[in-house]
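Here the structure comes first, spelled out in structure tokens, and everything after it is commentary.
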Amino acid sequence: MAALARLQERLAELREEYFLVNRSIDEDRRIKYKAAVKIQSWFRGYRVRAYLRHLNEVANVIQKWWRGYRCRKHFRQMVETAYFIMKMNFYNEMAVRIQKRWRGYYVRTYIHNYYALKKYLQAVSVNNAFVRRELEEYTEMKENEEKMKDLEKEEKEKKYQARKMHYLLSTEQIAGIYNSPFRKCPDPMELLLRKSKPLSHRRPQMKSPFAYELYDWPTCKKPPAFVTALPLLPVGRQKPQGPFRDTAEVLCQRYKPLEPTLRVAESINSPPGKAGGEIRREEWRNPMHDNEFLPFSSCHKNDKYEPTLCRSSKYGREAYGTKHFREVYPEKWIADKDFERVLPSIVLFEKFGKTYSKSGPIV
Amino acid sequence: QRARTQFVQAVADLAARPQSIETLQSAGVVSLLRLLLLDVVPSVRQTSALSLGRLADYSMELAEAIVKAGILPQLVYPLPEENRYYKKSAAFVLRAVAKHSPQLAQAIVQCGGLEALVICLEDFDPGVKEGASWAFDYIARHNAELSQAVVDAGAVPLLVLCIQEPEIALKRIAASTLSDISKHSPELAQTVVDAGAIAHLAQMILNPDAKLKRQVLSALSQIAKHSVDLSEMVVEAEIFPVVLTCLKDSDEYVKKNGATLIREIAKHSPELSQLIVNSGGVAAVIDYIGSCKGTVRLPGIMMLGYVAAHSENLSMAVIVSKGIPPLCACLIEEHEDHIKAAAAWALGQIGRHTAEHASRVAEANVLPTLLDIYMDTRSSEDLKMKASIFAKKALKNVLQKCTYLPALEPLLHDAPPSIMKHIIGQFSKVLPHDSKARRLFVTTGGLKKVQEIKAEPGSLLQEYINAINNCYPEEIVR
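So the protein sequences, as listed, match chains A and B.
Letter 254 of the first sequence, counting from 1, is numbered 254 in full-length UniProt numbering, and no numbers are missing.
Letter 11 of the second sequence, counting from 1, is numbered 11 in full-length UniProt numbering, and no numbers are missing.
Structure below.
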């Protein structure tokens, strides 16, 4: 209890003490708290700084290594590219040299070959000279020909004149005009007159160019003497009275020139195939056809018809083929006369059977 | 009947004389002849056709009168059955009518004259064929439609057969007809070629007859002028060394037509020109130009121009074959405008390729002549002659490449401003590099002349003058 009393006495002071102690503790606490804070913050700061420093150093190291690595890589790259570029430049240079040489060569040989061009131009001039020479020769030749022709014409004229005037020739007694006695030698005209044949009267020209072929024609007795020139019709000539064909056409056809085949046109004397006299004689001896084939059928008109074996029987000839060609039944005919044409006839067909040499009745 | 024949013969004889035709016309002979054309007697028909032909031949009014009187159908209709004298006279009438104008030729075509003429062409007598092809010639001559009508009537193969006939007159006329047909258009020329005409025409170049050669060469040149293919076909017929002999013929028109043929071939392509040069054609043409005078030279000059225009090698070939002197001679001697123009053009074509060519042209002393031509006719501005135009172009072309200064010097003194520009330009290009030329330029007074030229500042001429002045030190310039 005493303690309690002592406590109760001290209680009022206790309270103050307590309060004072607490206050001082509080103040101390604040100060200590701040001090502690300060210490702690410094220490923490120190720790963190140390940590950061460490981190920095580590980061430096990493970065150092990384950058070094990267830059070395980059550098290697750069060296490679530089090397590559150097190589490419070198190659380009070399390629340029090759292309230079090649293009120069190519252009000089194929596109603009100076020497070939020069040779070509020389060749052209040589050729030109040649052509010019040839052409000059040609012109000279032509001129010569013309001159020759003129000279010949003159010669012919002179000769013709000489022939016409042959009566001016000098005789023994009378000297002709070209052979004057005062001259030393006779005039060239005189000599010409002596050489020339007197001109006779103009004879009608008898031309028969096919005469020789016709003589060779085996069985032709004599060639007809005809005029080969086609007869010219005088205008206004009288047409002959009567049912005659146009004279011009008749003459044309009658005197149509012979166009013999090659075999016939050769004379017997010429070709080597039948040149031997033996062969000729044999052919003459053994003809196939005994009766001569005469060109104009009017020679045959008096011959009697010999019937062939196949058509004749012991009762005489068969009428078909000679007397009639097909059966006719006159009872069946409608009209008495023949059919008449309504449309115009074809000119070419009208002429059929009406040629000059009739070989038999057609209608 | 005898009276009729006598009358008709008298008319025919009178119609042969030009004085009496007027009287005949006033006497109304055309209608009488028309009646006699249908006469029974064939000789009357023939003679009346002959006299109609002579009348139509004389003048255009008579031909028109004959067409109006409706004679043509009556003439043409009985033609297949008639004999050759009638056919000849009928062809003569048709020819005489067709020759005057295209309308008359059209009238003939419309009344069926072409078929009748084809029948005449198929006849065997060469006189009839000649008359028929002559008529075709006159019809086809006028224009392309008539030629087409002639071709459609099937005349071309027959004409090609006619060419092969031995008679020279027939060959001439057939060649002339083919030439007139093919001249109008490429299709017609192709038709003629398809009928196989070229081979025969090419063979006939060797024929000695001059008139035939004229027609043959003209036919070939009309065929060749249309296109490259046709020219190549003509060349394939191996005309080449042979045609050059035609250039030396004594007949002028043969030479002219030969040169025309070569020109038509040369103008299409460089290969053809090359062919001509290789076969020595250029030399022959140059000799030909030297030997002729007048319009006959013109095709030769144009041929050289065409050959030189294709490429510089060919132009050099022309120069090497001594082509420039005859051309200069042409320029100087000829009086006709178009020949001078052609010569100027040809020289321009030769000189325009490179400096080498231009210097050769300049060395031949041709530039002063060209300048004279240009200046000479410039005074008559309204006339605007071709020679001056071509001379100017040629001068320009040659000057733009010319580096041969001695030839340019004389031009400095008289040239007009348009030409002066080019001359100064050339000087300004050459002088900076060549010291000897600079010295020469000063000594001959060229520099003085250049100073005297007034040019607008900023123009090309001023630039050139400045360039020249820059070559020299300041003292000399002043």
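By construction, the Cβ of each residue, glycine as well, lies at the ideal position given by its N, Cα and C atoms.
These figures come from a predicted structure and were not determined experimentally.
- Judged by DSSP in its simplified three-state form, residue 435(B) adopts helix.
- For the 8 angstroms CB-CB criterion, residue 275(B) and residue 235(B) form a contact.
- Residue 370(B) and residue 240(B) have their C-alpha atoms spaced approximately 34 angstroms apart.
- Scanning chain B for C-beta atoms nearer than 7 angstroms to the C-beta of residue 132(A) yields 283 and 287, reported in chain order.
- Residue 324(A) sits in a strand when the DSSP states are folded into three classes.
- Within chain B, no residue has its CB atom less than 7 angstroms from the CB of residue 153(A), the nearest being about 17 angstroms off.
- Listed in chain order, the non-local C-beta contacts of residue 174(B) below 6 angstroms within the same chain comprise 133, 159, 162 and 163, local neighbours out to five positions each way being set aside.
- With contacts defined as CB atoms closer than 8 angstroms, residue 266(B) and residue 345(B) fail to qualify as a contacting pair.
- Closer than 9 angstroms at the C-beta level to chain B, one finds these residues of the segment 117-132 of chain A: 117, 120, 121, 122, 123, 124, 125, 127, 128, 129, 130, 131 and 132.
- Comparing C-alpha distances from residue 171(B) to each of 355(B), 12(B), 200(B) and 408(B) shows the shortest one belongs to 200(B).
- When Cβ pairs closer than 8 angstroms are counted between the two stretches, the segment 118-134 of chain A is seen to touch the segment 283-294 of chain B, the count reaching three or more.
- Below the 9 angstroms Cβ cutoff, chain B contributes no neighbours of residue 258(A), its closest Cβ being approximately 18 angstroms away.
- A contact between stretches requires three or more CB pairs, one per stretch, nearer than 8 angstroms, and the segment 61-68 of chain B fails this requirement with the segment 76-87 of chain B.
- In the three-state DSSP reduction, residue 15(B) falls in the helix class (H, G or I).
- In the three-state reduction of the DSSP assignment, residue 42(A) falls in the helix class, which pools H, G and I.
- Residue environment analysis places residue 316(B) among the buried positions, since at least 16 neighbouring C-beta atoms fall within 10 angstroms of its C-beta.
- Secondary structure note for residue 70(B): it is in no alpha helix (DSSP H), with a DSSP letter that is neither H nor E.
- Uninterrupted alpha helix (DSSP H) stretches at least 4 residues long and entirely within the segment 90-148 of chain B occur at 102-110, 113-122 and 126-141, given in chain order.
- With respect to the C-alpha of residue 14(B), the residue from 293(B), 50(B) and 41(B) having the closest C-alpha is 50(B).
- Take residue 119(B), set aside five residues on each side of it, and the residues of its chain with a beta-carbon closer than 7 angstroms to its own are 79 and 80, in chain order.
- Residue environment analysis places residue 245(B) among the buried positions, since at least 16 neighbouring C-beta atoms fall within 10 angstroms of its C-beta.
- Using a CB distance cut-off of 8 angstroms, residue 135(A) counts as an interface residue toward chain B.
- When 7 angstroms is used as the limit between beta carbons, residue 313(B) is near these residues of chain A: 117, in chain order.
- By the criterion of at least three beta-carbon pairs nearer than 8 angstroms, the segment 108-115 of chain A is not in contact with the segment 249-263 of chain B.
- Remark: C-beta atoms of residue 351(B) and residue 313(B) do not approach each other more closely than 8 angstroms.
- For residue 459(B), the secondary structure class from DSSP, reduced to helix, strand or coil, is coil.
- Under the three-state reduction of DSSP output, residue 207(B) falls in the coil class, being neither helix nor strand.
- Leaving aside the five residues that flank residue 67(B) on each side, the residues in its chain whose CB is nearer than 7 angstroms to its CB run, in chain order, 97, 104 and 107.
- Contacts with chain A at 8 angstroms (Cβ-Cβ) include residue 317(B).
- Per the C-alpha coordinates, the member of 306(B), 249(B), 287(B) and 300(B) positioned closest to residue 273(B) is 306(B).
- Straight-line spacing of the CA atoms in residue 456(B) and residue 465(B) works out to 11 angstroms.
- A residue is called buried when at least 16 other Cβ atoms come within 10 angstroms of its Cβ; residue 5(A) does not meet this threshold and is exposed.
- In chain order, 404 place their CB closer than 6 angstroms to the CB of residue 359(B), counting only its own chain and leaving out the 5 sequence neighbours on each side.
- Distance from the CA of residue 391(B) to the CA of residue 330(B), rounded to the nearest whole angstrom, comes to 13 angstroms.
- Annotated three-state conformation of residue 345(A) is coil, per DSSP.
- The C-alpha of residue 256(B) is placed about 8 angstroms away from the C-alpha of residue 300(B).
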